[in-house]
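S.K.: Heads up, the first sequence stops at 952 in my numbering, and the numbers go up one at a time, no gaps.
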Amino acid sequence: MGGTDLVRALSCTVYVVRRPKLSCVARKPGSLHPLTGSGADMLLGRNVPRLAPISRRAPDPAGPMTSTAPSAVERYNAKDAEPRWQAAWAEQKLFETDNADGRPKYYVLEMFPYPSGRIHMGHVRNYAMGDVVARYKRARGFNVLHPMGWDAFGLPAENAAMERKVNPRDWTYANIASMRDQLKAMGLSLDWSREIATCDPDYYKHQQRMFLDFLDKGLVTRRTAKVNWDPVDHTVLANEQVIDGRGWRSGALVEQRELTQWFFKITDFAEDLLTALDGLDRWPEKVRLMQKNWIGRSEGLEVRFVLAQPSAGAAESVTVYTTRPDTLFGARFLAIAADHPLAATVAAHNPDLQAFIEECRRTGTAQAAIDTAEKLGFDTGLTVRHPLDPAWTLPVYVANFVLMEYGTGAVFGCPAHDQRDLDFSNKYGLGNVPVVCPEGQDPEAFLITTTAYVEDGRMINSRFLNGMTTAEAFEAVAQRLEAEGVAKRKVQFRLRDWGVSRQRYWGCPIPIIHCESCGPVPVPVSDLPVQLPEEVSFDQPGNPLERDQAWRNVPCPQCGGPARRETDTMDTFVDSSWYYARFTAPWLTDAPTDRAVVDRWLPVDQYIGGIEHAILHLLYARFFMRAMRETGWAGVSEPFAGLFTQGMVVHETYKDATGAWVPPAEIRFSTEEGERRAFHVKTQAPIAIGSIEKMSKSKKNVVDPDDIIASYGADTARWFVLSDSPPERDVIWSEEGVQGAARFVQKVWRLVNAAQVATGVGAADLTLRKAAHRALAAVQDDIERLRFNRCVAHIYTLANALEDGLRGPVSRAAATEAAGILVQLIAPMMPHLAEECWTVLGRPGLAAQALWPEAEAGLLVEDEVTLPVQINGKKRADVTVPRDADAKAVEAATLALETVQKILEGKPPRKVIVVPGRIVNLVV
RNA sequence: GCGGACGUGGCGGAACCGGUAGACGCACGAGACUUAAAAUCUUGCGGCCGCAAGGCCGUGCGGGUUCGAGUCCCGCCGUCCGCACCA
29 MGGTDLVRAL
39 SCTVYVVRRP
49 KLSCVARKPG
59 SLHPLTGSGA
69 DMLLGRNVPR
79 LAPISRRAPD
89 PAGPMTSTAP
99 SAVERYNAKD
109 AEPRWQAAWA
119 EQKLFETDNA
129 DGRPKYYVLE
139 MFPYPSGRIH
149 MGHVRNYAMG
159 DVVARYKRAR
169 GFNVLHPMGW
179 DAFGLPAENA
189 AMERKVNPRD
199 WTYANIASMR
209 DQLKAMGLSL
219 DWSREIATCD
229 PDYYKHQQRM
239 FLDFLDKGLV
249 TRRTAKVNWD
259 PVDHTVLANE
269 QVIDGRGWRS
279 GALVEQRELT
289 QWFFKITDFA
299 EDLLTALDGL
309 DRWPEKVRLM
319 QKNWIGRSEG
329 LEVRFVLAQP
339 SAGAAESVTV
349 YTTRPDTLFG
359 ARFLAIAADH
369 PLAATVAAHN
379 PDLQAFIEEC
389 RRTGTAQAAI
399 DTAEKLGFDT
409 GLTVRHPLDP
419 AWTLPVYVAN
429 FVLMEYGTGA
439 VFGCPAHDQR
449 DLDFSNKYGL
459 GNVPVVCPEG
469 QDPEAFLITT
479 TAYVEDGRMI
489 NSRFLNGMTT
499 AEAFEAVAQR
509 LEAEGVAKRK
519 VQFRLRDWGV
529 SRQRYWGCPI
539 PIIHCESCGP
549 VPVPVSDLPV
559 QLPEEVSFDQ
569 PGNPLERDQA
579 WRNVPCPQCG
589 GPARRETDTM
599 DTFVDSSWYY
609 ARFTAPWLTD
619 APTDRAVVDR
629 WLPVDQYIGG
639 IEHAILHLLY
649 ARFFMRAMRE
659 TGWAGVSEPF
669 AGLFTQGMVV
679 HETYKDATGA
689 WVPPAEIRFS
699 TEEGERRAFH
709 VKTQAPIAIG
719 SIEKMSKSKK
729 NVVDPDDIIA
739 SYGADTARWF
749 VLSDSPPERD
759 VIWSEEGVQG
769 AARFVQKVWR
779 LVNAAQVATG
789 VGAADLTLRK
799 AAHRALAAVQ
809 DDIERLRFNR
819 CVAHIYTLAN
829 ALEDGLRGPV
839 SRAAATEAAG
849 ILVQLIAPMM
859 PHLAEECWTV
869 LGRPGLAAQA
879 LWPEAEAGLL
889 VEDEVTLPVQ
899 INGKKRADVT
909 VPRDADAKAV
919 EAATLALETV
929 QKILEGKPPR
939 KVIVVPGRIV
949 NLVV
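Set out below in structure tokens:
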């Protein structure tokens with residue numbers, strides 16, 4: 029998104045690792061694991077006399093027991109099974125969603141990828157999570173929409189064009205084709221019939237239409253603005269795209285330039301975007317807080333300070349914005365930004381001030397400079413009258429710490445109660461007067477030297493305000509100054525309008541024609557899309573659209589006179605601000621959305637992606653939804669009801685003796701004296717194991733999903749990225765971990781096959797059934813809360829219980845019931861294995877179509893419970909009582925325990941605490 | 001500087017409202033099977049003492065509340081993330 033990938037930052041740019049193919053998956057039938065014998069014992073890997081290897085491609089659902097042949101089962105072959113089931117799902121169009129389906133809707137969406145060319149583990153994790161939700165909700169009977177598309181405009185395509193002389197379009201579509209194949213190999217339950225690419229004119233045509241509608245509604249403006257100019261990429265960057273004073277892609281020091289730009293008026297919705305955050309109760313608190321801070325609302329007063337000696341041509345007053353009018357009697361000076369008009373007026377005949385202003389501009393942007401910059405000022409020689417006492421004048425400085433972009437570009441300095449003002453005042457000898465005294469402190473003794481007092485308190489040295497609280501003083505000053513007409517209350521936001529103009533080719537053209545006589549004229553809707561020219565060259569820096577005279581020179585749609593197209597394209601964040609809405613009816617040719625359809629599907633019930641989009645993408649999308657509401661293209665305000673931000677996939681790093689990074693595929697491990705050591709597979713040279721880092725090409729700690737899928741299968745990869753770590757935290761990719769996942773795949777396969785041939789009498793049935801239904805209830809609960817790592821743990825527990833059960837006297841009915849539940853529980857995570865097992869169990873249809881089983885309430889509770897018995901808070905014994913035993917009965921049972929009697933030595937306890945179903949504590 | 005999150009075995013982590021700390025997995029040790037390996041299975045696995053039964057200690061550190069604290073409160077230490085001259 030925005031020229032980079034919604035998920036890319038989660039993991040890496042792509043680096044291909046060639047992994048030695050592991051033998052465990054791709055063995056030939058017949059050479060496999062020739063366990064033979066009869067019944068479940070064999071399949072569980074019990075040691076039995078070896079017979080000739082027998083293998084079957086798929087067990088006969090009619091019943092293996094009908095055969096007298098030993099029930100040998102070959103290892104589950106993901107390589108064979110996965111494409112087969114993917115084809116079966118596609119064949120039946122299982123995941124294609126019908127808008128007319130009357131069941132309750134559920135819209136699950138993962139942030140769509142930038143088509144960089146290859147998927148990475150971050151994508152695998154992101155899409156595996158979304159797929160679990162999609163498959164689970166489908167099983168729960170919802171009409172699920174789970175689409176996929178491509179955030180296909182952006183700089184990398186232009187860079188590729190420059191470096192490799194390819195057409196950005198060709199490069200992009202080739203990448204899409206290969207990434208689509210990769211995603212399909214993951215077995216995701218996506219509705220590919222709704223696939224969209226934002227670089228497709230059928231998509232951006234509607235975006236242009238909405239741009240014109242927004243313009244019509246006053247939600248788009250054009251103005252000159254100082255912009256962040258990236259001198260390397262030759263483009264404008266949004267504030268959000270400037271990190272530490274550098275371009276977020278190029279890393280170049282950003283310059284300030286004046287350009288005429290198109291803006292989306294996101295500030296029109298500042299208040300609403302802020303207050304509506306409270307309603308987003310299924311968003312992470314962290315993201316809401318980040319957006320809140322970004323919007324940055326503050327309540328204050330705009331106060332006019334009249335110049336004491338108005339000079340010719342200059343304004344008569346300076347207006348400042350303050351959130352602390354209560355401290356007005358502590359004012360010592362006024363400070364204005366270097367870019368303030370008044371500064372320019374004075375500088376016109378003051379070369380020293382001119383020099384100072386230029387100095388300020390130079391140090392203005394770089395973050396490091398701001399951190400270390402001293403508070404510097406320049407006395408203009410002007411003075412202003414205090415708004416509460418015309419006889420009182422204050423000097424006016426130009427100061428480097430005052431920002432023109434915030435408030436009015438002017439502040440009044442109250443050194444006692446603002447640290448910056450204090451630093452400034454101390455430097456220039458302007459003194460300070462404390463006007464707010466901490467409660468309970470002696471005002472006489474309250475002095476400020478180097479640390480400003482910024483808290484609330486009681487007013488002092490403030491004439492009519494004395495004795496008031498901070499809040500009361502705020503009100504008193506506001507009321508008096510408002511009544512006198514020298515001030516007005518003002519709610520100020522930090523949020524600025526969204527500049528969307530980009531001097532780039534590979535983006536959505538802004539549908540405007542500039543006419544010499546009519547000015548900027550909207551392209552008529554009937555002329556849309558304004559399509560990008562096909563033939564472009566990138567042999568010169570800058571925007572190729574500006575050089576394409578044939579494309580650029582067009583008649584004015586209004587007067588027919590000579591005119592030129594707008595050559596700027598839209599920020600790619602615009603593309604990703606409404607794609608979720610387009611997915612609801614991507615086939616529409618004459619409108620961006622179908623109002624009835626979009627309103628039924630939106631908001632997205634569960635949106636999943638990286639935290640790096642906490643502000644930019646998510647705020648823009650929230651704005652867009654509101655703008656679409658204003659223009660009639662949708663009836664909802666919030667795009668995403670539920671948001672989940674998942675962690676990255678990280679990996680150990682490795683370095684050889686020369687300090688060069690070594691990719692994981694070239695390393696083997698051994699444990700010597702309990703210590704894990706790494707060696708190079710070829711040279712055997714020792715390798716230093718480094719810190720765990722985000723997967724990145726530069727550190728070579730990248731694992732390619734393709735290789736993992738080829739070696740282990742998609743299910744193993746999916747299972748692994750969902751296990752272990754909580755989904756919002758980073759997951760550490762490790763070879764051992766993925767092998768553990770692969771082992772579990774085989775274990776499930778063995779267990780299901782063994783269950784199918786169980787022959788026990790059924791004495792262990794109840795235990796097994798309880799385990800199965802308990803796992804079912806637990807997994808269900810944890811999927812709903814997206815706690816996939818816990819789901820995995822419950823499933824392991826069930827698998828262990830089934831293994832135990834099959835070893836005991838368990839009936840085939842109970843074994844297959846438990847196995848069936850196990851299969852349904854793994855189905856959202858490992859859908860291919862689930863299908864294969866489904867066949868073994870002889871269940872009808874496909875696992876992907878099966879409805880979620882109901883947990884039997886009776887199996888979820890025990891008749892008896894074992895409670896820990898504490899004595900003085902330390903556990904000393906256990907007591908087993910009926911589930912519904914009352915406190916008295918529990919107490920009696922506890923006191924009857926031999927261990928307890930021994931400790932009590934005949935004395936009664938001083939106090940007995942019984943928490944039913946929990947614990948017993950005796951105080952002696 | 002401001003705001004936020006977090007700190008639990010060798011590792012990833014679990015522990016719902018304060019109620020058996022360490023579920024589940026990984027790694028590791030011992031064993032079975034095997035000519036051997038792989039695979040699989042059994043078993044152990046927070047620390048200390050003990051043959052064992054059992055006991056003591058233990059959730060970053062120091063206090064507190066409570067019958068009972070990983071969980072709540074106060075004060076530190078550390079790590080990570082976001083914002084950053086926002087008046």
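Even for Gly, the Cβ is constructed at its ideal location relative to N, Cα and C.
This one's a predicted model, so the numbers in the text were calculated from it and none came from an experiment.
For the beta strand (DSSP E) holding S221, just list the boundary residues, first then last.
M.R.: Note, S221: beta strand (DSSP E), 219 to 225.
S.K.: In angstroms, rounded to a whole number, what distance separates the CA positions of I385 and P379?
M.R.: Approximately 10 Å, taken between the alpha carbons.
S.K.: Can you tell me which of the three DSSP states A371 falls into?
M.R.: Helix at A371.
S.K.: Could you check if C227 is buried or exposed, using at least 16 other CB atoms within 10 Å of its CB as the buried criterion?
M.R.: Buried is the call here.
S.K.: Does DSSP put E544 in a helix, in a strand, or in coil?
M.R.: Coil at E544, not helix or strand.
S.K.: For A913 and V948, what's the separation of their Cα atoms in angstroms?
M.R.: The straight-line gap from Cα to Cα measures roughly 13 Å.
S.K.: Between which two residues does the alpha helix (DSSP H) containing A188 stretch?
M.R.: Element bounds for A188: 183 to 192.
S.K.: Could you check what DSSP says for N828 in three-state terms: helix, strand or coil?
M.R.: Of the three classes helix, strand and coil, the one that applies to N828 here is helix, per DSSP.
S.K.: Helix, strand or coil: how does DSSP classify S739 here?
M.R.: Three-state result, S739: helix.
S.K.: Say whether the stretch 518 to 536 touches the stretch 428 to 439, bearing in mind that this needs 3 or more beta-carbon pairs closer than 8 Å, one atom from each stretch.
M.R.: Yes, the stretch 518 to 536 touches the stretch 428 to 439.
S.K.: Compute the Euclidean distance between the alpha carbons of D367 and P714, then round it to the nearest angstrom.
M.R.: Taking the straight line joining both Cα atoms gives about 60 Å.
S.K.: Using three-state DSSP, classify M653 as helix, strand or coil.
M.R.: It is helical.
S.K.: By the three-class DSSP mapping on this structure, what secondary structure does Q674 have?
M.R.: Strand.
S.K.: What span of residues does the alpha helix (DSSP H) with F772 cover, start to end?
M.R.: Its alpha helix (DSSP H) spans residues 763 to 784.
S.K.: Alpha carbon to alpha carbon, how far is E467 from V461? Give it in angstroms, no decimals.
M.R.: So the alpha carbons of these two residues sit roughly 17 Å apart.
S.K.: In the DSSP output, which residue or residues are listed as bridge partners for T894?
M.R.: According to DSSP, which records beta bridges pairwise, T894 is partnered with T908.
S.K.: I need the straight-line Cα distance from G169 to L879, nearest angstrom please.
M.R.: In a straight line, the C-alpha of G169 is about 7 Å away from that of L879.
S.K.: Between V482 and the rest of its own chain, which residues show a CB-CB distance below 8 Å, the 5 nearest in sequence each way excluded?
M.R.: Closer than 8 Å at Cβ, skipping near neighbours: H445, D446, Q447.
S.K.: If we call anything under 8 Å between Cβ atoms a contact, is L887 one with I849?
M.R.: Not closer than 8 Å, so no.
S.K.: Who are the near neighbours of A905 in its chain, counting only those whose CB is closer than 7 Å to its CB and skipping five residues on each side?
M.R.: Taken in chain order, the residues that qualify are V897, L925, T927, V928.
S.K.: Under 8 Å: do the stretch 600 to 611 and the stretch 644 to 658 share three or more Cβ pairs, one atom per stretch?
M.R.: Output reads yes: the stretch 644 to 658 touches the stretch 600 to 611.
S.K.: Classify P583 as buried or exposed, calling it buried when 16 or more other Cβ atoms lie within 10 Å of its own Cβ.
M.R.: It is exposed - the Cβ of P583 has fewer than 16 other Cβ atoms within 10 Å.
S.K.: State buried or exposed for S719, treating a residue as buried only when at least 16 other CB atoms are found within 10 Å of its CB.
M.R.: When all chains shown are included, S719 counts as exposed.
S.K.: Tell me, please, which residues DSSP counts as bridged to I941.
M.R.: Beta-bridge pairing links I941 to N949.
S.K.: Look at the alpha carbon of L923 and the alpha carbon of T795, and state the distance between them as a whole number of angstroms.
M.R.: Rounded to whole angstroms, L923 to T795 spans 30 Å at the Cα level.
S.K.: Please determine, among L853, L830, I854, the residue with the shortest C-alpha to C-alpha distance to A843.
M.R.: Looking at the Cα atoms, L830 is the closest of the given residues.
S.K.: Go to I643, then tell me how far its beta strand (DSSP E) extends in each direction, as first and last residue.
M.R.: It is not in any beta strand (DSSP E) - I643 carries neither H nor E in the DSSP assignment.
S.K.: So, is P590 buried or exposed, given that buried needs 16 or more other C-beta atoms within 10 angstroms?
M.R.: It counts as exposed.
S.K.: Give every residue of the same chain whose Cβ lies closer than 7 Å to the Cβ of R222, excluding the five residues on either side of it in the sequence, and list them in chain order.
M.R.: Around R222: P175, F611, P614.
S.K.: Is the beta carbon of M318 closer than 8 Å to that of P755?
M.R.: No.
S.K.: If we ignore side chains and look at the alpha-carbon of each, how far apart do E344 and L335 end up?
M.R.: Approximately 6 Å between the Cα atoms of the pair.
S.K.: Looking at the strands, I want to know which residues DSSP matches up with G177.
M.R.: DSSP, once it has assigned bridges, lists I224 as partnering G177.
S.K.: Which word fits C819, buried or exposed, when buried means at least 16 other C-beta atoms lie within 10 angstroms of its C-beta?
M.R.: Burial call: buried.
S.K.: Assuming I147 is part of the beta strand (DSSP E), what are its boundary residues?
M.R.: Neither: I147 is in no beta strand (DSSP E) and is coded neither H nor E.
S.K.: Pull up the CB-CB distance for V632 and L265, whole angstroms please, since I reckon it's below 8 Å.
M.R.: Not confirmed; about 28 Å, so no contact.
S.K.: Specify the secondary structure class of H708 as computed by DSSP and reduced to three states.
M.R.: Correct three-state label for H708: strand.
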